[in-house]
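In what follows, a structure is listed as structure tokens, so that the remarks can point back to it.
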Amino acid sequence: MSVPIVRTVAELRAVVAGWRRSDASVAVVPTMGALHDGHLSLVRAALQKAERVIVTLFVNPKQFNSAADLAAYPRTENQDAAKLAPLGAQLLYVPDAEEMYPPGFATTVSVSGVREGLCGAFRPGHFDGVATVVAKLFLQTGADFAFFGEKDFQQLQLVRRVVQDLDIPITVVPCPTVREADGLALSSRNARLSPAERAIAPNLALVLIETAERLARGSPVLPTLAEARAAILAAGFRDIEYLELRGETDLQPMTSLDRPARLLAASWLGETRLIDNVRTSPIGSTN
Ligand code: PAF
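Numbering (my numbering), first residue to last: 831 to 1117.
Right under this line is the structure:
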């Protein structure tokens, strides 16, 4: 069975209103399409939690800081709809840019603090674009639950902040990063890797996992992070944008592992930018 598609806020609201008349709970899975198993795992988790699931598919121009990157982003609506059909999601919402940002649109949701550093330092305006579109998608769908992957960890924390600060009545549900058998985190960008780069790519995750274990056992943070950077470059990555240890809930930089944390990295492999993160906490802590 194919998934019904709506393209306007009015159609979306009419469908959701019908569901609400029978008291159905509603979840939303926001995506930019080019769906892979990571997205599908979010949809499956949403279907476990709510009676009705909306998948949104919108390549959001406001979160791209390069016109070339926006133009190159894959648009695969038919394939995406075919991947979703067997899962049982009830609705696909595919607005176009005019529907999302009609002429005269002038509001930006901007989250200070969380958007700074990490990816925010290298992608100016990106997180304002994400915060703005996510707030709109939450208000347009009126969903009870929103599902996000932990792979984009800074995005997840930003979305939580938006929901809390704007009193949006939605529960953000984080889902673990889905990985290939060799450790590489699933990403639509992986398709851009050459066979040689694909062979190198899992090293980012492998170094992060090993480094997280060393930190948990008490290895000193700064020298251990320096060794991790060297290992990523030695594996064949071209450049490291950041490799940092940050507090799991506040994303504050940490120089000693005294509470649960995330080790986060962004690194260039040829012309492809890959990001990943893993959790770590001091061994013996109850968290
Ligand atoms: O993670 C993404 O694909 C996008 O940033 C999101 C959350 C769908 C907003 O456009």
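Beta carbons are placed, not taken as given, at the ideal position from N, Cα and C, and that holds for glycine.
{"query": "Less than 8 Å between the CB of ASN1033 and some heavy atom of ligand 1, yes or no?", "result": "no"}
{"query": "Within 10 angstroms of its Cβ, does SER940 collect 16 or more other Cβ (buried), or is it exposed?", "result": "exposed"}
{"query": "Have a look at TYR931 and VAL839 and give me their C-alpha separation to the nearest angstrom.", "result": "12 Å"}
{"query": "Within this structure, are the beta carbons of LEU921 and TYR1072 separated by less than 9 Å?", "result": "no"}
{"query": "State buried or exposed for GLN994, treating a residue as buried only when at least 16 other CB atoms are found within 10 Å of its CB.", "result": "exposed"}
{"query": "What does the Cβ neighbour count give for GLN771, buried or exposed, with the cut at 16 atoms within 10 Å?", "result": "The chain is shown from 831 up to 1117; residue 771 falls before or after that span and cannot be answered."}
{"query": "Under a three-way DSSP split, which group does PHE952 fall into?", "result": "helix"}
{"query": "Quick one: what does DSSP say SER1024 is sitting in, helix, strand or coil?", "result": "coil"}
{"query": "Given this structure, state the Cα-to-Cα distance separating ALA912 from VAL1051, to the nearest angstrom.", "result": "46 Å"}
{"query": "Please find out if some non-hydrogen atom of ligand 1 comes closer than 8 Å to the beta-carbon of PHE888.", "result": "yes"}
{"query": "Under a CB-based cut-off of 9 Å, is VAL964 close to chain D?", "result": "The question asks about chain D, but that chain is absent: this structure has only one protein chain."}
{"query": "Going along the chain, which residues of its own chain have a beta-carbon closer than 8 Å to the beta-carbon of THR937, five neighbours each way excluded?", "result": "THR962"}
{"query": "Quick one, are the C-beta atoms of HIS866 and LEU1014 less than 9 Å apart?", "result": "no"}
{"query": "For the structure I just gave you, are there three or more beta carbon pairs, one from the region 846-865 and one from the region 881-894, closer than 8 Å?", "result": "yes"}
{"query": "Kindly examine ligand 1 and report whether one of its heavy atoms sits closer than 8 Å to the Cβ of PRO860.", "result": "yes"}
{"query": "Quick check on this structure: which residue in ASP1069, SER1086, ILE835 and ASP1080 has the alpha carbon closest to the alpha carbon of LEU986?", "result": "ASP1080"}
{"query": "Could you pull the start and end residues of the alpha helix (DSSP H) that PHE983 belongs to?", "result": "983-995"}
{"query": "If you follow the alpha helix (DSSP H) that GLY1013 is in, where does it begin and where does it stop?", "result": "No alpha helix (DSSP H) holds GLY1013; DSSP gives it neither H nor E."}
{"query": "Distance, Cα to Cα, ARG843 vs VAL833?", "result": "17 Å"}
{"query": "Please give me, in chain order, every unbroken run of the alpha helix (DSSP H) with length at least 4 that falls completely inside the region 899-924.", "result": "907-914"}
{"query": "Output needed for ASP974: all residues of its chain with C-beta closer than 6 Å, excluding positions within five of it in sequence on either side, in chain order.", "result": "SER855 and VAL856"}
{"query": "Count Cβ pairs between the region 1054-1074 and the region 1088-1105 that sit closer than 8 Å; are there 3 or more?", "result": "yes"}
{"query": "Report yes if the C-beta distance between PRO1112 and LEU1075 is below 9 Å; otherwise report no.", "result": "no"}
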